[in-house]
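Here's the structure, in structure tokens; my notes come after.
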Amino acid sequence: MDLKWLLVRRITLVAFACFFAGSGLALYMSAREAHLQNQVLAELAGRQLELQLSRIERGTDTLKRFPDWDLISNYALKPGQCVQFDGLDPARNRSSCSGLEANFITPPAWFSEFYGRFLNRHLSGSRLLTYRGEVQGAISTSFDPYATSSKAWTNISPLLGLSALLVGALCLVTYIIVDRSLRPASNILTGLNRLAEGDLKVRLPPFQLAELNRISQVFNAMTEDLEKATKERADFAHRLVDMQEQERRHLARELHDEIAQRLAAIGAMAACIRNSAQADAPQLVGEARELEKMASNLMFALRRTLRYLRPQEIDDLGLVASLRALVEHHNENARGRTIFSIEAADEFESLRSETSAHVYRIVQEALTNAAKHARARTVKVRMSEHSDSVRKHVRLSVIDDGVGQHEDVNLDRMSGSGLIGMRERVTALCGTLTAGPLPVGGFGLHVEFPSSPQGA
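In structure tokens:
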């Protein structure tokens, strides 16, 4: 949920809670005031009637005039207030009520129902009329339910509009303030997205808020450390893979110069033995042929190993020619089921020997994956060179029209040691690698790297 709207919702809830609490307190105070007014009226009426009984006893008044209700009804009754006297003689019962004020606001039915159910029943006042220890009657006071609910509604109804206005203004001000305070969050999110995409040079500007500024400082320190660690890792991978290629070249040279020559000599010697044995020792002809066949098989296996360690075409013919030979080799193995092709506009003679070897290994692994898993009709290798304002870059892509993105086999095509080896080589080239299913179907691998090392 958006933080601004979350804060607005919570502030609104708190404001409404405060409003309901304040309204409840106002209703309680209104009811308490009405109850107190009833008690005061009952007490005043009781004292007045007790005074009249005292005058009757002294002979200054007559019993026929008891109760002198004119004295009671002359009191300033509140709007809607009633007072009643219930004596020992029902003939002496009296009651009076005052009318309602015209400025009272008619309350809603639900408010009148609520007020009458929970508050009106506790507003009445009462007092026993006693004289010389004997009960002469009872005085009760009350408010008309409509009068009390109207008065309460008149008191709190202006607060409703004011509260709504204040809550709306508070929410608006809060939204604006929080929105302005959190605007740097979009910069932080943009920086995180760029970092996730591999841009290690992204930095965040300083912010006014201390918390966001601290995030900016930590983010910048983290990206600097990550950039440094990535550069060190790339340098290490570059040296490691170069050493690996150099070691492969050395092994290939040693195998070619030593083992291949000896196997060739063994094969020639076996042929001589076979020719000589045909006249002098025919029983040795079979063994000589077996030895000759064994030497030939070993030579074939050695050539395959030499091709894996270091394709001779890279040194003799160049990178593009060796890639064409690799593509042709896959076409021979596919026997028409899959058509492998290569498009290379340049010869890339300026690439270092180790760089050419890395490119060859990447294409070799990609073609092997396509041949094993893609079940494609066509597999295309594209290689081109382009320049920007700083240096030249090489773009390499291997695209097939085989298994689509909904096949589980795609999950295995770029996993395991093959992907690790590719990534190590691309890292050594200071380049980028992306691979995955294509929207139109098939699978694509894309590599881009500078054609010359940094600082060259």
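Using my numbering, the first residue of the sequence shown is number -1, and each one after it goes up by one.
Here a beta-carbon is modelled for each residue, glycine too, at the ideal position from N, C-alpha and C.
Nearest-angstrom Cβ-Cβ length linking residue i and residue j, presumed shorter than 8 Å
{"i": "N458", "j": "P143", "result": "Residue 458 falls outside the range modelled here, since the chain spans only -1 to 454, and no answer is possible."}
{"i": "G196", "j": "T430", "result": "7 Å"}
{"i": "A369", "j": "A332", "result": "7 Å"}
{"i": "S138", "j": "S124", "result": "5 Å"}
{"i": "V392", "j": "S449", "result": "5 Å"}
{"i": "A32", "j": "F141", "result": "5 Å"}
{"i": "Q46", "j": "L69", "result": "5 Å"}
{"i": "R272", "j": "R260", "result": "About 19 Å; that fails the 8 Å criterion."}
{"i": "A277", "j": "V283", "result": "Wrong, their Cβ atoms sit about 10 Å apart, outside the cutoff."}
Beta-carbon proximity of residue i to residue j, cut-off 9 Å
{"i": "G442", "j": "V396", "result": "yes"}
{"i": "G135", "j": "L86", "result": "yes"}
{"i": "H254", "j": "L304", "result": "yes"}
{"i": "L25", "j": "A150", "result": "yes"}
{"i": "V318", "j": "F338", "result": "no"}
{"i": "A364", "j": "G400", "result": "no"}
{"i": "L238", "j": "I264", "result": "no"}
{"i": "A13", "j": "S161", "result": "yes"}
{"i": "L1", "j": "L121", "result": "no"}
{"i": "A258", "j": "R302", "result": "no"}
{"i": "A235", "j": "T353", "result": "no"}
{"i": "S385", "j": "E243", "result": "no"}
{"i": "S214", "j": "L224", "result": "no"}
{"i": "Q79", "j": "S96", "result": "yes"}
{"i": "F217", "j": "L198", "result": "no"}
{"i": "L11", "j": "Y129", "result": "no"}
{"i": "D398", "j": "G440", "result": "yes"}
{"i": "T376", "j": "T336", "result": "yes"}
{"i": "L157", "j": "S21", "result": "yes"}
{"i": "R308", "j": "I360", "result": "no"}
{"i": "P182", "j": "L164", "result": "no"}
{"i": "C428", "j": "A232", "result": "yes"}
Where residue i falls, given that 16 or more other Cβ within 10 Å makes a residue buried
{"i": "I418", "result": "exposed"}
{"i": "C270", "result": "exposed"}
{"i": "Y113", "result": "buried"}
{"i": "E256", "result": "exposed"}
{"i": "R92", "result": "buried"}
{"i": "Y306", "result": "exposed"}
{"i": "R8", "result": "exposed"}
{"i": "D314", "result": "exposed"}
{"i": "E252", "result": "exposed"}
{"i": "I312", "result": "buried"}
{"i": "R411", "result": "Confidence is the limiting factor: at R411 the pLDDT is only 48, short of 50, which leaves the residue's position unreliable and the question unanswerable from this model."}
{"i": "W108", "result": "exposed"}
{"i": "S348", "result": "exposed"}
{"i": "P106", "result": "exposed"}
{"i": "L409", "result": "Residue placement at L409 cannot be trusted, given a pLDDT of 42 that sits under 50; what the coordinates show is reported in the next sentence. Exposed, since its Cβ has fewer than 16 Cβ neighbours within 10 Å."}
{"i": "M220", "result": "exposed"}
{"i": "P65", "result": "buried"}
Paired residues, beta bridge with residue i - DSSP
{"i": "H371", "result": "DSSP, once it has assigned bridges, lists no residue as partnering H371."}
{"i": "Q35", "result": "Paired residue(s): none; Q35 is not in a bridge."}
{"i": "Y129", "result": "E132"}
{"i": "S395", "result": "R380 and H444"}
{"i": "F338", "result": "V377"}
{"i": "K76", "result": "Beta-bridge pairing links K76 to no other residue."}
{"i": "S93", "result": "Q82"}
Of all the alpha helix (DSSP H) runs that stay within the bounds of the region 246 to 310, which reach a length of 4 or more residues? 259 to 278 and 283 to 307
For the region 135 to 201, which segments carrying the alpha helix (DSSP H) assignment without a break, of at least 4 residues, lie completely within its bounds, in sequence order? 143 to 179 and 181 to 194
In chain order, which alpha helix (DSSP H) runs of at least 4 residues are fully inside the region 8 to 64? none
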